[in-house]
Amino acid sequence: MKKFFEEFKTFITKGNVLDMAVGVIVGGAFGAITSSLVGNVITPLLAWLFGAPNTDALNITLRAADEAAGTEAIVLGLGTFVGAIINFLVIALVLFSVIKAFNKARELAAKKEAETAEEAPAEEPKPTAEDLLGEILEEIKKK
169 MKKFFEEFKT FITKGNVLDM AVGVIVGGAF GAITSSLVGN VITPLLAWLF
219 GAPNTDALNI TLRAADEAAG TEAIVLGLGT FVGAIINFLV IALVLFSVIK
269 AFNKARELAA KKEAETAEEA PAEEPKPTAE DLLGEILEEI KKK
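Quick note on this note's numbering: the sequence shown kicks off at 169 and runs consecutively.
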């Protein structure tokens, strides 16, 4: 059991696990921001464009509720569905922008690294001890 907890400790303290945890937390916060944007800004604008008091007015009631019979209403939630689509599109647009910027930064860094590698003169390999001893021996033989 002790070995299990040691392995778990090693796993949980790896950098990629911590990065993933931070990503999940930031993603949750970002989801709340986009939900607020869609629910409090975009959806009311859509309702206004359609002349409805809110997006619930965009829903279609297939069967009204009947309290006497004890049945609930059957409603197609088109307004809710449109809100979910807009929420998805906002998140996808932001993720696309972030990934595009990240790829551009990586491309610029690779280009700069390639330019630096081209500018640097090729260094001659340093002679080994055997080469130096061989040169010394040749000099001795000449004298």
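No residue lacks a Cβ here, since even glycine has one placed at the ideal position from N, Cα and C.
Here the structure is a predicted model, which means the values were calculated and not measured.
Residue pairing from DSSP places Leu244 in a beta bridge opposite Ile228. Val243 is not a Cβ neighbour of Leu214, given a cutoff of 9 Å. A direct Cα-to-Cα measurement between Ala282 and Ala260 gives close to 32 Å. Thr239 carries a strand assignment under DSSP once its states are collapsed to helix, strand and coil. In the same chain as Leu230, and ignoring 5 residues on each side of it, the C-beta atoms closer than 6 Å to its own belong to Ile242, in chain order. A direct Cα-to-Cα measurement between Asn255 and Thr181 gives close to 34 Å. With contacts defined by Cβ atoms closer than 9 Å, Asn227 and Leu205 do not form a contacting pair. In terms of Cβ geometry, Phe218 and Val262 do not form a close pair [threshold 9 Å]. Taking C-beta atoms under 8 Å as the contact rule, Val258 and Thr202 qualify, at a distance of about 5 Å. Judged by DSSP secondary structure, Ala297 falls within the alpha helix (DSSP H) whose first and last residues are Ala297 to Lys310.
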